[in-house]
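Scroll down for the structure; my scribbles are underneath it.
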Amino acid sequence: MFLVAYITYLYGTMYVFLSTFSGLFAKVYHETPGYQGLNYISLALGLFLGTHICARSQDRIYKALKLRRCKEGLPGRPEFRVPMMVPGAILVPIGLLIYSWTAEKRTHWMGPNVGAFIYTTGLAMGYQCIQGYLVDSYA
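Per the UniProt record's numbering, the very first residue in the sequence shown carries number 1; after that it's consecutive.
In structure tokens, the structure reads:
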């Protein structure tokens with residue numbers, strides 16, 4: 001039940017975040033549409049980094065927990081996919097705080113981009129852990 005609430009939170013914040021992202025750079029920073037599109041690079045880099053960090057770490061943690069807690073030949077439990085969700089759950093609110101605070105204070109345009117990068121890194125980690133858990137639960 002917790003995972004359903006958490007992925008709902010992630011999807012909800014993602015849609016609110018994406019609906020304000022281009023408007024922020026158009027209205028607050030007065031950027032043309034061509035330059036507004038460049039700000040999406042921070043989102044792409046965050047998703048890329050979060051996916052790669054989580055994929056490698058999640059597999060290592062899964063194998064270690066399986067060796068430690070399961071008998072030989074038995075499959076691992078789905079819960080072994082969840083531990084990497086903790087750093088992602090920490091990064092999401094930190095990224096949102098940096099994004100919103102720097103946008104409100106109208107700091108340099110790099111401030112919201114750093115927040116967006118941190119936010120999407122945590123977002124990718126959360127999605128990947130939940131999807132791995134669901135696949136293992138119903139396999």
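Here a beta-carbon is modelled for each residue, glycine too, at the ideal position from N, C-alpha and C.
Legend entry - Residue burial classification, tyrosine 9 (beta-carbon count within 10 angstroms, cutoff 16): Within the sequence shown, numbered from 1, the residue matching residue 9 stands at position 9. Per the 10 Å Cβ criterion, exposed.
Inset, instruction - Tell me where the alpha helix (DSSP H) around tyrosine 62 begins and ends. - result: Taking the sequence shown and counting its residues from 1, one reaches residue 62 at position 62. Note, tyrosine 62: alpha helix (DSSP H), 40–69.
Legend entry - the stretch 21–31 in contact with the stretch 45–63 per 3-pair CB rule at 8 angstroms: In this structure the stretch 21–31 does not lie against the stretch 45–63, because fewer than three pairs of beta carbons, one per stretch, are closer than 8 angstroms.
Legend entry - Exposure of threonine 121, with buried meaning 16 or more beta-carbon neighbours within 10 Å: Start at 1 with the first residue of the sequence shown, and residue 121 comes out as number 121. Buried: at least 16 other Cβ atoms inside 10 Å.
Legend entry - Straight-line gap, cysteine 54 to methionine 125 (C-alpha atoms, nearest Å): Here residue 54 refers to the residue found at position 54 when the sequence shown is read from its first residue. Here residue 125 refers to the residue found at position 125 when the sequence shown is read from its first residue. Their backbone Cα atoms lie some 6 angstroms apart in a straight line.
Inset, instruction - Output the distance between the C-alpha atoms of arginine 69 and alanine 139, rounded to the nearest integer angstrom. - result: Residue 69 sits at position 69 when you count from the first residue of the sequence shown. Residue 139 sits at position 139 when you count from the first residue of the sequence shown. Near 19 angstroms, if we compare the C-alpha coordinates of alanine 139 and arginine 69.
Legend entry - Neighbourhood of proline 83 by C-beta, 6 angstroms cutoff - its chain only, sequence neighbours within 5 removed: On the sequence shown, position 83 is the one that residue 83 refers to. Correct list, in chain order: Ile61.
Inset, instruction - Kindly indicate which residue of Arg106, Ile98, Trp109 has the alpha-carbon position closest to the one of glycine 115. - result: On the sequence shown, residue 115 is found 115 positions in, with the first residue counted as 1. Looking at the Cα atoms, Ile98 is the closest of the given residues.
Legend entry - As assigned by DSSP and simplified to three states, the class of residue 167: Look at the range of the chain in this structure, 1 to 139, and you will see that residue 167 is not part of it.
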